[in-house]
Amino acid sequence: MPEQSNDYRVVVFGAGGVGKSSLVLRFVKGTFRDTYIPTVEDTYTQVISCDKSVCTLQITDTTGSHQFPAMQRLSISKGHAFILVYSITSRQSIEELKPIYQQILAIKGSVESIPIMLVGNKSDETAQREVESKEGEAQATAWKCAFMETSAKTNFNVKELFQELLALEKKRDMSLSIDGKRWGKQKRTDKLKGKCSVM
Amino acid sequence: MKVTDSSVIRLHLQVLYGISVKRLEKRKERLVLSGAKVFGVPLESLPRQYLPEFGLVPCFLVDSCSFLLERAGSVGLFRKSGSLPRIKALRAKLNGGEGCLSTAPPYDVAALIKQFCRELPEPLLPCELHAALLKAQTLPGLQDRMSALQLLSCLLPARNCSSLHYLFHFLSKVSQRCSENLMTSSNLATVFMPCLLPPPNKTEMSQVRLELRVLVLQTFIENPHLFGNDPSCKPSVQPACSDH
């Protein structure tokens, strides 16, 4: 089936355990779970307004532990915008974004017209901070992308993150609010936890 | 007729469960030109040691898994990444034949175990078996699922079977400490999927198929004995064989 043409696809990348799923779930469902479950790959969709009409915002939450290279290429080539997440409590996690950024650059050719947000998550865990905001900003400047610190746990800057990201898209005029409706009507696609009766 | 005869096993899988299995391709003899001792080396060329319970298992797996078993309480073991420069250095040492695990951080060693599995020239679970494994996992009855998976494990070359038995036995021990390390069998299966059952093409990259791959690994982590050679827990192949 061909992809719906007016879908806007956002892909979330980052090392294991930095809070990619938590950010996405906080945004899509408004909840925070304190569980510990690695992601295979999940896609969430949400209706947003786009060029005076509506379109589907599709958010792909990827796995943090070694994504299969072909799968990573596929996610990047399908993505319109990217969120690169690290945890402010782990210097290693910002290091791990470098190869992913390089891969995006290689596949897209240039990142100039592509919305990318570097995100330092877990901003509430100040006692464990290893990466200063300044360092995140510097990295974002080097990558010519936007930067933000967030906390999925305390719901700090989460909605703003998605709003800013959409605002970076110059080819379309997108916003989270839909006239006359509250944003937040969403459905989860294809997720099949613990069931295997599809075949 | 021998119980282990692969054509009999295939027939049973077909008749009992409707699972047809691709022929395993004959492996070409591989030469290791890099001089590497651990990573990217075919199973049969790796230094291995004999463990009565499992058979011949690569020394690297035995050393690294034994090392990690003593540190199995580490939160997010196999999920959290170690330090990339340290992992690189450790890997170079191991590939040069140096034993240097004892002082390494557990997360680095865990990352190397995953790399080791990913980089085997022939994957531990051969691609020809993937479709059958996934089909077996979708069988409705638990008993049928187990029997079919066990029959499929009998089709593996002995060297793969020993290593998989050892690895899943180890992972099941790690998962038993999940109250400390938070890595349940399902979590471990998720992070090992790209290493042990990577999707070969785009159609296999759909969420449903990926999650099925995770479930196969979860079943193996919860039941490592499926790779065992103990005839007493082999499924009932024998009575059916006597019909012929």
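As you go down the protein sequences, you meet chains C and D in turn.
Using full-length UniProt numbering, the first residue of the first sequence is number 1, and each one after it goes up by one.
Using full-length UniProt numbering, the first residue of the second sequence is number 1, and each one after it goes up by one.
Where is the CB? At the ideal position from N, CA and C, for every residue including glycine.
Supposed close pair residue i, residue j - CB separation, criterion 8 Å
i	j	result
residue 133 (chain C)	residue 18 (chain C)	Actually they are not in contact, since the Cβ atoms of residue 133 (chain C) and residue 18 (chain C) sit about 16 Å apart, beyond 8 Å.
residue 79 (chain D)	residue 16 (chain C)	5 Å
residue 153 (chain C)	residue 32 (chain C)	5 Å
residue 209 (chain D)	residue 199 (chain D)	7 Å
residue 40 (chain D)	residue 121 (chain D)	7 Å
residue 6 (chain D)	residue 155 (chain D)	6 Å
residue 94 (chain D)	residue 166 (chain D)	Between residue 166 (chain D) and residue 94 (chain D) the Cβ distance is about 18 Å, and since that is not below 8 Å, they are no contact.
residue 12 (chain C)	residue 83 (chain C)	5 Å
residue 197 (chain D)	residue 216 (chain D)	6 Å
residue 48 (chain C)	residue 176 (chain C)	6 Å
residue 172 (chain D)	residue 221 (chain D)	5 Å
residue 65 (chain C)	residue 38 (chain C)	6 Å
residue 164 (chain C)	residue 140 (chain C)	Contact doesn't hold; Cβ gap of about 12 Å is too wide.
residue 125 (chain D)	residue 104 (chain D)	Not quite, the Cβ-Cβ distance comes to about 27 Å (not below 8 Å), so this is no contact.
residue 159 (chain D)	residue 43 (chain D)	5 Å
Buried or exposed (CB count within 10 angstroms, at least 16 for buried), residue i
i	result
residue 152 (chain D)	buried
residue 26 (chain D)	exposed
residue 61 (chain C)	buried
residue 149 (chain C)	buried
residue 184 (chain D)	buried
residue 79 (chain C)	buried
residue 132 (chain D)	buried
residue 65 (chain D)	buried
residue 187 (chain D)	buried
residue 15 (chain D)	exposed
residue 53 (chain C)	exposed
residue 193 (chain C)	Bear in mind that a pLDDT of 36 at residue 193 (chain C), under 50, signals an unreliable position, so the model cannot answer this.
residue 100 (chain D)	exposed
residue 81 (chain C)	buried
residue 112 (chain C)	exposed
residue 176 (chain D)	exposed
residue 69 (chain D)	exposed
residue 142 (chain C)	exposed
residue 102 (chain C)	exposed
residue 224 (chain D)	buried
residue 85 (chain D)	exposed
residue 6 (chain C)	exposed
residue 14 (chain C)	buried
residue 47 (chain D)	exposed
residue 72 (chain C)	buried
Min CB distance residue i to chain D below 7 Å
i	result
residue 13 (chain C)	no
residue 188 (chain C)	Annotation note: pLDDT 45 at residue 188 (chain C) (below 50); position unreliable, coordinate value reported separately. So, not an interface residue.
residue 65 (chain C)	yes
residue 94 (chain C)	no
residue 71 (chain C)	yes
residue 156 (chain C)	no
residue 82 (chain C)	no
residue 68 (chain C)	yes
Neighbour flag for residue i against chain C, beta carbons, 7 Å
i	result
residue 245 (chain D)	Since the first residue of chain D shown is 1 and the last is 244, residue 245 (chain D) is not available in this structure.
residue 146 (chain D)	no
residue 123 (chain D)	no
residue 47 (chain D)	no
residue 211 (chain D)	yes
residue 38 (chain D)	no
residue 218 (chain D)	no
residue 214 (chain D)	yes
residue 207 (chain D)	yes
residue 58 (chain D)	no
residue 198 (chain D)	yes
Closer than 7 Å to chain B by CB, residue i
i	result
residue 194 (chain D)	Protein chains in the displayed structure are C and D, and chain B is not among them.
Name, going along the chain, the residues of the region 40–60 of chain C whose beta-carbon falls closer than 8 Å to a beta-carbon of chain D.
40, 41, 42, 43
Interface positions of the region 7–39 of chain C facing chain D (Cβ-Cβ less than 8 Å), listed along the chain:
15, 16, 17, 36, 37, 38, 39
Ignoring anything shorter than 3 residues or poking outside the region 22–90 of chain C, list the beta strand (DSSP E) runs there in chain order.
41–50, 53–62, 81–87
Can you list the alpha helix (DSSP H) stretches of 4 or more residues lying completely in the region 49–89 of chain D, in chain order?
59–69
Going along the region 169–192 of chain D in order, which residues come within less than 7 Å of chain C, judged by CB to CB distance?
182, 187, 190, 191
Looking at chain C, which residues of the region 73–88 of chain D have a Cβ within less than 9 Å of any of its Cβ atoms?
75, 76, 78, 79, 80, 81, 82, 83, 84, 85
Going residue by residue through the region 98–130 of chain D, where are the continuous alpha helix (DSSP H) segments of at least 4 residues, counting only ones entirely within it?
106–119
What residue ranges within the region 174–198 of chain D form continuous alpha helix (DSSP H) runs of no fewer than 4 residues, ordered along the chain?
178–181, 185–196
Any beta strand (DSSP E) of 3 or more consecutive residues that is wholly inside the region 91–124 of chain C
116–121
Please list the residues of the region 106–131 of chain D that have a C-beta atom closer than 8 Å to any C-beta atom in chain C, keeping them in chain order.
114, 118
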